[in-house]
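Number of protein chains: 2
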Amino acid sequence: MTTLQDCRALDAQDPLAPLRGHFSLPDGVIYLDGNSLGVLPKAAAARVADVVTREWGTDLIRSWNTASWFDLPQRLGNQLAPFIGAGKDEVVCTDSTSVNLYKVLSAALNIAREDSPARNRVVSERSNFPTDLYIAEGLCKERGLELVLVEPEEIAAALTADVAVLMLTHVNYRTGAMHDMAGITAAAHAAGILTVWDLAHSAGAVPVDLNGAGADFSIGCGYKYLNGGPGAPAFAWVHPRHANRFWQPLSGWWGHAAPFQFTPDYRPAPGITRYLCGTQPIISLSALQCGLDVFDAATPLGGMAALRAKSLALTDLFIALVEERCAGHGLGLATPRAHAQRGSQVCLTRDEGQGLNGQGSGAYAIVQALIARGVIGDFRKGDGGQGPHKDILRFGFTPLYLGYEDVWNAVEHLRQVLDTGEWRRPEFNQIHAVT
Amino acid sequence: MTTLQDCRALDAQDPLAPLRGHFSLPDGVIYLDGNSLGVLPKAAAARVADVVTREWGTDLIRSWNTASWFDLPQRLGNQLAPFIGAGKDEVVCTDSTSVNLYKVLSAALNIAREDSPARNRVVSERSNFPTDLYIAEGLCKERGLELVLVEPEEIAAALTADVAVLMLTHVNYRTGAMHDMAGITAAAHAAGILTVWDLAHSAGAVPVDLNGAGADFSIGCGYKYLNGGPGAPAFAWVHPRHANRFWQPLSGWWGHAAPFQFTPDYRPAPGITRYLCGTQPIISLSALQCGLDVFDAATPLGGMAALRAKSLALTDLFIALVEERCAGHGLGLATPRAHAQRGSQVCLTRDEGQGLNGQGSGAYAIVQALIARGVIGDFRKGDGGQGPHKDILRFGFTPLYLGYEDVWNAVEHLRQVLDTGEWRRPEFNQIHAVT
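Residue numbers (this note's numbering), protein chains in the order written: chain A, 1 to 435; chain B, 1 to 435.
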């Protein structure tokens with residue numbers, strides 16, 4: 001049995017503990033939702049204020065030159081690159097995850113179908129993040145292709161000769177289950193299939209090696225584990241072997257080879273720059289830089305490897321403490337126990353029929369009761385007993401700013417919420433539009 | 001002849017003069033580039049700081065509910081709507097101009113070709129803003145359609161039975177020439193053609209009446225005359241008669257009918273909300289709100305009609321003073337003299353062969369010399385004598401914060417730069433990457 005004293009001892013020995021000082025965390029909050037919206041880097045307030053008052057207010061259009069606004073997407077991409085196993089000039093930070101997915105999936109389909117015109121399927125996972133499926137559905141409909149959705153264990157069998165692209169999210173948003181990117185990419189390539197990897201719950205959360213895995217295309221989110229701020233611009237990566245083969249359909253002026261020549265015809269810039277489209281939100285992009293700066297600060301402390309070791313220790317501890325201290329309350333574990341299959345989150349389930357008055361699972365109310373105590377996680381609705389997906393209590397663990405005592409305290413709050421029946425209070429059972 | 005004293009008298013009588021107090025303008029600057037990047041509303045620094053430190057830093061994911069982040073694109077759209085002749089729930093502020101053009105042009109093509117499958121052309125203007133042409137080029141290539149580019153005087157004749165969509169920018173970025181939106185839309189409709197209007201240089205600059213003109217689709221820019229900040233999110237409008245007919249191809253989760261049900265299949269939200277895609281950059285969006293707030297403050301002072309009257313007075317004055325005081329320096333006028341054909345900018349030309357050592361036009365160096373004096377306009381390159389487009393000195397006039405004395409002083413600086421030959425200095429003749 002791990003004790004509070006054990007947790008404090010682990011914090012005292014933690015070489016990554018100083019990183020917490022880079023963040024502004026509200027008092028009284030244990031934040032287990034960095035997989036939804038990362039916290040505020042302390043440097044961001046001053047950085048954003050400087051962009052607003054000096055770069056915009058005083059320097060105005062001169063900042064295109066003096067503050068290098070124009071290449072900010074590439075500079076941030078280069079700063080992010082080492083943390084996802086990408087090389088220099090292979091990443092841009094721009095637009096939203098959904099828009100970037102449209103770009104790379106379009107390009108992947110163009111390449112795959114130029115090489116093998118008979119390939120007319122896109123394969124993805126049924127429980128992939130919905131916006132990924134919506135974008136793929138739209139593209140497939142537009143081009144007369146078929147979108148095939150499978151369960152994780154069916155992926156290998158789905159890699160048939162009629163498949164053009166396999167599109168997966170590396171770490172599942174509902175369960176925290178992580179795919180073997182290198183193994184699946186190799187299997188896809190062996191079947192002549194290109195891969196598109198969504199790193200929304202991976203970038204900054206787990207070690208990623210896009211080039212090592214030989215992946216083809218990737219996109220990801222700036223406002224989750226990268227702590228870039230609400231709705232921060234996302235990113236896109238394309239393997240150099242594909243980068244110059246196609247232009248993507250959102251062919252705007254920031255992706256032009258000579259944007260300031262204002263020629264009427266489109267000529268794509270070489271490499272990843274052609275994955276830019278329109279003018280980017282400079283203030284939000286600048287905040288993202290502060291999130292990336294903390295990963296630079298983590299590098300001399302061991303970087304992503306050290307962060308991963310701590311993340312696994314935190315999630316192992318959380319699972320163990322929940323099982324020890326919250327037993328008998330109908331909680332299950334949706335996240336894999338095997339380290340190789342786990343992202344940086346733990347998702348608990350609760351069966352239907354255990355909610356207030358026997359309605360629903362009560363998971364939503366438990367999450368609300370925890371939030372009222374300052375333990376912020378989130379709730380993801382299941383299929384209400386109609387299918388395999390149970391209601392989920394989702395907890396993200398960001399080793400940049402969380403410690404072992406935080407985990408202890410979070411579980412203690414959960415235990416009290418369950419043991420006392422506090423979650424049954426009416427105010428915790430009122431559903432809000434957005435959670 | 002207008003005198004400096006006349007200008008001061010005009011400022012003293014100007015009912016819009018108090019609006020200047022809403023902006024933070026750098027000392028010693030006469031800013032004639034609000035058509036490129038609008039200036040900083042004073043309220044924006046505090047608003048952005050509050051979004052960063054409180055909404056993001058303290059309230060974290062709770063701000064999705066407490067700060068209504070989720071409907072910010074619609075709220076800003078409703079705030080903008082009256083200034084472009086749009087109705088409630090017809091506009092969203094989101095993504096970039098280029099991305100929004102892709103959405104509305106895609107939808108317009110779907111609708112036009114569903115109704116008339118044989119229509120296989122998109123008509124636009126050869127000197128439309130390049131990114132508009134790039135997006136149209138990409139879409140046409142993807143769908144096997146033809147993009148036909150014409151001169152302004154050829155538009156009427158180009159509205160033939162094989163045209164699906166006419167895509168125009170209302171006010172030309174190079175010349176400041178303004179199209180007759182109502183007249184051209186009526187002519188297009190008479191020929192069975194849908195219209196897409198880019199309001200990049202119109203929204204906040206000239207009165208626009210999208211519903212009055214019966215236009216079909218429109219997009220525009222947040223960071224020019226709307227003063228939303230560098231790279232501020234753009235906007236999209238769709239006439240209600242079209243809004244529910246098609247989903248646009250960037251079918252992300254923010255455009256879903258029930259985004260928090262996380263269903264695997266896409267179901268577009270009713271109306272303009274389906275033109276949203278991914279999560280938006282909240283910090284940059286919030287700054288845009290401060291730009292729109294100033295237009296609300298202008299409403300009791302006469303609103304867009306009063307702003308338009310002052311804009312025409314300022315541009316009339318600039319043209320008159322340049323012609324009176326800068327004669328003999330080879331300057332021409334690219335902007336129409338007729339009020340009905342003029343946006344809120346004045347573009348001067350200079351012939352080739354008048355530059356340093358007889359090379360080029362010297363327009364770039366004149367603009368640089370003006371900038372060094374604090375008179376900020378910009379330069380747009382012509383075709384170097386190869387075609388009809390001369391080099392352009394471009395000056396935008398924003399009646400929200402410019403006065404008549406500013407115009408006098410700007411012309412006086414221009415006169416001195418030309419009369420003294422100051423623009424010939426080497427430092428003004430070195431070309432930067434971005435101007």
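Note that CB positions come from ideal geometry on N, CA and C, so glycine has one too.
To the nearest angstrom, how far is it from the Cα of B/N429 to the Cα of B/G21?
Translated into the one-based positions of the second sequence, residue 429 of chain B becomes position 429. Translated into the one-based positions of the second sequence, residue 21 of chain B becomes position 21. Between B/N429 and B/G21, the C-alpha separation is close to 36 Å.
B/W247 (DSSP reduced to helix, strand or coil)
Along the second sequence, read from residue 1 onward, the residue named residue 247 of chain B stands at position 247. The answer is coil: DSSP assigns B/W247 none of H, G, I, E or B.
Partner residues on chain A for B/Y401, Cβ-Cβ distance less than 8 Å:
To locate residue 401 of chain B, count along the second sequence from 1; it is residue 401. By Cβ distance, chain A contributes nothing, its closest Cβ being about 12 Å from B/Y401, past 8 Å.
From the DSSP output, in three-state form, read off A/V322 for me.
The sequence position of residue 322 of chain A within the first sequence is 322, counting from 1. Three-state result, A/V322: helix.
Could you check whether the Cβ of B/Y134 sits closer than 9 Å to any Cβ belonging to chain A?
For the purposes of this step, residue 134 of chain B is identified with residue 134 of the second sequence, where counting begins at 1. True, the Cβ-Cβ gap to chain A drops below 9 Å.
Between the C-alpha atoms of A/Y448 and B/P259, what's the straight-line distance to the nearest angstrom?
Look at the range of chain A in this structure, 1 to 435, and you will see that residue 448 of chain A is not part of it.
Anything in chain B within Cβ reach of A/R126, meaning under 9 Å, just list it in chain order.
As a working note, residue 126 of chain A is residue 126 in the first sequence. Per Cβ cutoff of 9 Å: P264.
Assign A/A9 to one of three DSSP states: helix, strand, or coil.
Residue 9 of chain A sits at position 9 when you count from the first residue of the first sequence. Helix at A/A9.
Using a beta-carbon distance cut-off of less than 9 Å, what residues from the stretch 356-384 of chain B approach chain A?
I371, I376, D378, R380 and K381
From A/S24, A/A191, A/G28 and A/G85, residue whose alpha carbon lies closest to that of A/N409
The sequence position of residue 409 of chain A within the first sequence is 409, counting from 1. Nearest option by C-alpha distance: A/G28.
Can you find the residues in the same chain that come closer than 8 Å, C-beta to C-beta, to A/G332, ignoring five residues on each side of it along the sequence?
The residue given as residue 332 of chain A occupies position 332 in the first sequence. Excluding sequence neighbours, A/G332 sits near L348, T349, R350, D351 and K390.
For chain B, is any of its Cβ atoms less than 9 Å away from the one on A/G291?
The count along the first sequence starts at 1 and reaches residue 291 of chain A at position 291. Output row for A/G291: interface = no.
Minimum Cβ-Cβ distance from A/T435 to chain B less than 9 Å
The residue you call residue 435 of chain A lines up with position 435 of the first sequence. Low confidence applies here, because A/T435 scores a pLDDT of 43, under 50, leaving its location unreliable and the question unanswered by this model.
Counting pairs of Cβ atoms below 8 Å between the stretch 210-230 of chain B and the stretch 312-319 of chain B, do you hit three or more?
no
Residues of chain A with a CB under 8 Å from the CB of B/I282: which are they?
Counted from its first residue, the second sequence places residue 282 of chain B at position 282. Going along chain A in sequence order, the residues near B/I282 (Cβ under 8 Å) are G229, P230, G231 and S284.
Taking a Cβ distance cut-off of 8 Å, strictly less, list which residues of the stretch 136-148 of chain A are near chain B, in chain order.
E137, G138, L139 and E142
Put B/V434 into one of helix, strand or coil per three-state DSSP.
Taking the first residue of the second sequence as position 1, residue 434 of chain B is located at position 434. The predicted model places B/V434 with a pLDDT of 48, which falls under 50 and marks its position as unreliable, so this point remains unresolved.
Considering only residues of the same chain and omitting the five flanking positions on each side of B/N244, which have a CB-CB separation below 7 Å?
Position 244 of the second sequence, counted from the start, is the residue given in the question as residue 244 of chain B. Once the five neighbours on either side are set aside, the close Cβ partners of B/N244 are P270 and G271.
Does A/T53 get closer than 9 Å to chain B when you measure Cβ to Cβ?
The count along the first sequence starts at 1 and reaches residue 53 of chain A at position 53. Yes, its Cβ sits closer than 9 Å to a Cβ of chain B.
Grab the span of the beta strand (DSSP E) containing B/T349 for me, first residue to last.
The residue given as residue 349 of chain B occupies position 349 in the second sequence. Its beta strand (DSSP E) spans residues Q345 to R350.
Under the rule that 16 or more other beta-carbon atoms within 10 Å means buried, what is A/D198, buried or exposed?
Residue mapping note: residue 198 of chain A aligns to position 198 of the first sequence, counting from 1. Buried, by the Cβ-count rule.
Less than 8 Å between the CB atoms is what I'm expecting for A/I61 and B/V48, so what's the real figure, rounded?
As a first step, residue 61 of chain A must be located in the first sequence, where it is residue number 61. As a first step, residue 48 of chain B must be located in the second sequence, where it is residue number 48. With 8 Å as the limit, A/I61 and B/V48 do not qualify as a contact, their Cβ atoms being about 19 Å apart.
What residues from the stretch 237-257 of chain B come within 9 Å of chain A, judged by C-beta to C-beta, listed N to C?
W247, Q248, P249, L250, S251, G252, W253, W254, G255 and H256
Can you give the Cα-Cα distance for B/Q79 and B/G222, rounded to whole angstroms?
Translated into the one-based positions of the second sequence, residue 79 of chain B becomes position 79. Translated into the one-based positions of the second sequence, residue 222 of chain B becomes position 222. Their backbone Cα atoms lie some 13 Å apart in a straight line.
Contact under 9 Å by Cβ, A/A298 with A/L210
By one-based count along the first sequence, residue 298 of chain A stands at place 298. By one-based count along the first sequence, residue 210 of chain A stands at place 210. Result no, Cβ atoms of A/A298 and A/L210 do not sit closer than 9 Å.
Taking any Cβ of chain A, which residues in the stretch 188-201 of chain B have a Cβ under 7 Å from it, in chain order?
none
Taking buried to mean at least 16 other C-beta atoms within 10 Å of its own C-beta, is B/K88 buried or exposed?
Numbered from 1 along the second sequence, position 88 holds the residue referred to as residue 88 of chain B. With fewer than 16 other Cβ atoms within 10 Å, it is exposed.
Can you give me the start and stop residues for the beta strand (DSSP E) that B/E137 sits inside?
In the second sequence, counting from the first residue as 1, residue 137 of chain B sits at position 137. Note, B/E137: premise wrong, no beta strand (DSSP E); alpha helix (DSSP H) at P130 to R143.
Contact criterion: CB-CB distance below 9 Å. Does B/C277 meet it with respect to chain A?
Your numbering for residue 277 of chain B matches position 277 in the second sequence. It does; some Cβ of chain A falls within 9 Å.
Helix, strand or coil for A/T3? Go by DSSP, reduced to three states.
Within the first sequence, residue 3 of chain A is the residue found at index 3, counting from 1. Here A/T3 sits in coil by DSSP.
Is DSSP giving A/G21 helix, strand or coil here?
Counting from one through the first sequence, the residue named residue 21 of chain A turns up at place 21. Reduced to three states, the DSSP call for A/G21 is helix.
Considering A/L93, what are the terminal residues of the alpha helix (DSSP H) in which it resides?
Within the first sequence, numbered from 1, the residue matching residue 93 of chain A stands at position 93. Note on residue identity: the sequence assigns Cys, not Leu, to residue 93 of chain A. Note, A/C93: premise wrong, no alpha helix (DSSP H); beta strand (DSSP E) at V91 to T94.
In chain order, which alpha helix (DSSP H) runs of at least 4 residues are fully inside the stretch 47-73 of chain A?
63-66
Please report whether the beta-carbon of A/A30 lies at a distance below 9 Å from any beta-carbon of chain B.
In the first sequence, residue 30 of chain A corresponds to position 30, counting from 1. Note that residue 30 of chain A is Ile in the sequence shown, not Ala. Taking Cβ atoms only, chain B never reaches closer than 9 Å to A/I30, which makes this a no.
Between the stretch 8-24 of chain B and the stretch 412-431 of chain B, do three or more beta carbon pairs fall short of 8 Å?
no
Nearest to B/A112 by alpha carbon, out of B/P15, B/I392 and B/I193?
On the second sequence, residue 112 of chain B is found 112 positions in, with the first residue counted as 1. Nearest of B/P15, B/I392 and B/I193 to B/A112, Cα basis: B/I193.
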